[in-house]
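Heads up, the final residue of the sequence shown is numbered 184 in our numbering, and it's a clean run with no missing numbers.
Think of the CB as a built atom: it goes at the ideal place given N, C-alpha and C, for glycine as much as any other residue.
These numbers were taken from a predicted model, which means no experiment stands behind them.
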Amino acid sequence: MPDAPIVPAPAEKPDLPHEWIEVAELAAHNLGLGKRLAELSPEHWQLVLASVTDRMRLRGASLPLGWRRTLARQVGRATEEGATARIVALRAKREEIAAHVAHELGLGELAGLSPTDRATVDQQTNETIEGCTPNSPETADCSDADRTMRRLLAEHRALEEQQGDEDNTRLAEEGEGSAPENDA
């Protein structure tokens, strides 16, 4: 068998033609969805994708592998994998903080706590996270926290700020896109 040449796969999928975005916008409009494509609920987005599938097939277009993810990226929808990963990371970091709080309170491992003790740990964890945030209305003195707790809180804050930065970017883009034009 002759050696077949090895062709590297592209790292990123190429963009779809603008026609796909126009079809998606038309589908959303025809379905009575008044929001931008990036703002549609997952359920409404699935309806739009079904309509795009039908419309593109009627036009004789082939549906390339990964076209749904590519279209979602092109219209500014956060990918579900990225959003889910951030939520999971934030929850995991909160659990690390809770485990540290439980240890500091002398309650032991989280898994072995009674419902009452777990509620106490959750309350203290919430107060610690909220109180040690720099822009908190009731800032606590976190200087007595040990090095591990300060690190955990800094990592938690970084994850929250990452989400906040993405939200601010989206809002800024929406503001630019919806600004009234000056006809003067």
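**Message:** Pop quiz: L31 and L47 are said to be a contact at Cβ under 8 angstroms. What is the actual Cβ separation, rounded to whole angstroms?
**Reply:** Counting from one through the sequence shown, the residue named residue 31 turns up at place 31. Counting from one through the sequence shown, the residue named residue 47 turns up at place 47. That belief holds up - the Cβ atoms of L31 and L47 are roughly 6 angstroms apart, short of 8 angstroms.
**Request:** Identify the continuous alpha helix (DSSP H) that holds R55 and give its terminal residues.
**Result:** For the purposes of this step, residue 55 is taken as residue 55 along the sequence shown, with counting starting at 1. First-last of the alpha helix (DSSP H) with R55: 42–58.
**Message:** Quick check on V23: buried or exposed, where buried means 16 or more other Cβ atoms within 10 Å of its Cβ?
**Reply:** What you label residue 23 is simply residue 23 of the sequence shown in a count that begins at 1. That one is buried.
**Request:** Write down the C-beta distance between R68 and L49 rounded to the nearest angstrom, noting that I regard them as a contact closer than 8 angstroms.
**Result:** Indexing the sequence shown from 1 puts residue 68 at position 68. Indexing the sequence shown from 1 puts residue 49 at position 49. With 8 angstroms as the limit, R68 and L49 qualify as a contact, their Cβ atoms being about 6 angstroms apart.
**Item:** Opening and closing residue of the alpha helix (DSSP H) in which G131 lies
**Value:** Here the question's residue 131 lines up with position 131 in the sequence shown. From DSSP, the alpha helix (DSSP H) with G131 extends over 115–131.
**Boundaries (first-last residue) of the alpha helix (DSSP H) holding A28** = Within the sequence shown, the letter at position 28 stands for residue 28. Start and end: 18–30.
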